[in-house]
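In the numbering used here, the protein residues as written are 92 to 328.
Built from N, CA and C at the ideal position, the CB exists for glycine as well.
In this text, all values refer to a predicted model and were calculated from it rather than measured experimentally.
The structure under discussion appears below in the form of structure tokens.
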Ligand code: DX5
Ligand code: ZN
């Protein structure tokens with residue numbers, strides 16, 4: 092499993108220091124929630140914050156774009172230093188072209204689905220995507236409650252990917268993930284876990300990472316090796 096802490100719950104007065112603290116705690120991924128106030132009812136941060144952090148951090152930047160028509164901004168996020176761009180199926184009309192362009196720009200790409208969005212179209216995107224993100228809250232804010240119906244959806248997506256040549260594609264779950272539910276989500280077939288409030292509200296980060304990995308049923312050592320495997324597999328090309 093990989094834990095990808097969401098910057099939205101970090102201390103915004105000290106984002107560089109927060110990145111250093113994650114790296115020292117043995118966490119290689121960072122989830123960056125970019126929201127435009129249109130796709131979801133909140134405005135967070137954009138490329139200036141990401142490019143500033145890129146200068147001081149080697150973390151893998153897993154950038155979750157909750158913006159309308161994200162294809163307008165792909166070059167900007169590539170320049171800012173994103174390693175992976177995750178775009179919402181509901182936000183982009185020409186999704187395949189958008190994913191292909193993200194690859195051309197040297198980044199990894201993922202497709203995100205809101206809790207109520209049907210999964211069937213994912214089948215046609217298997218050759219073009221590196222990850223599926225399943226929202227387990229409605230996008231906009233951290234600190235919301237996990238929607239239990241997403242458990243069945245994780246299983247259905249895993250089955251769909253496996254049946255259509257996408258065994259290698261990991262499933263990320265985002266929203267309301269905590270040590271109390273991560274074990275069940277691993278059982279359902281999820282691989283990568285975003286956590287905002289349940290992670291950042293409980294420092295120190297190394298111990299908190301251990302609470303997540305222990306609850307997921309993997310040793311800290313195993314988790315670290317899986318993380319570094321994914322990091323090199325997902326490195327910018
Ligand atoms: C919601 C974001 C999530 C959120 C997760 O729009 O996509 O990444 O920050 O926060 P928690 O873990 O607190 O639900
Ligand atoms: Zn997110």
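Cut-off 6 Å between Cβ atoms - residues of its own chain near residue i, not counting five sequence neighbours on either side
i, result
"residue 100", "233, 287, 288 and 291"
Spatial distance of residue i from residue j (CA atoms)
i, j, result
"residue 297", "residue 317", "17 Å"
"residue 208", "residue 277", "21 Å"
"residue 97", "residue 189", "24 Å"
"residue 95", "residue 164", "23 Å"
"residue 177", "residue 231", "15 Å"
"residue 219", "residue 130", "23 Å"
"residue 215", "residue 224", "16 Å"
"residue 246", "residue 258", "13 Å"
"residue 140", "residue 309", "33 Å"
"residue 262", "residue 105", "30 Å"
"residue 281", "residue 92", "8 Å"
"residue 274", "residue 284", "11 Å"
Contact set for residue i: own chain, Cβ-Cβ below 8 Å, skip 5 residues either direction
i, result
"residue 237", "227, 228, 266, 267, 268, 269 and 272"
In DSSP terms, what residue i is bridged to
i, result
"residue 125", "156"
"residue 93", "283"
"residue 262", "223"
Close-in-space but distant-in-sequence residues of the same chain around residue i (CB under 7 Å, 5 per side omitted)
i, result
"residue 311", "301 and 304"
"residue 113", "96, 121, 150 and 296"
"residue 136", "125"
"residue 167", "138"
"residue 172", "141, 142, 145 and 152"
Element boundaries [beta strand (DSSP E), containing residue i]
i, result
"residue 228", "No beta strand (DSSP E) contains residue 228, which DSSP labels as neither H nor E."
"residue 189", "No beta strand (DSSP E) contains residue 189, which is instead part of the alpha helix (DSSP H) from 186-195."
Along the chain, which unbroken stretches of the alpha helix (DSSP H) at least 4 residues long are found entirely within the stretch 264-328?
-> 270-279, 288-291, 296-307 and 311-324
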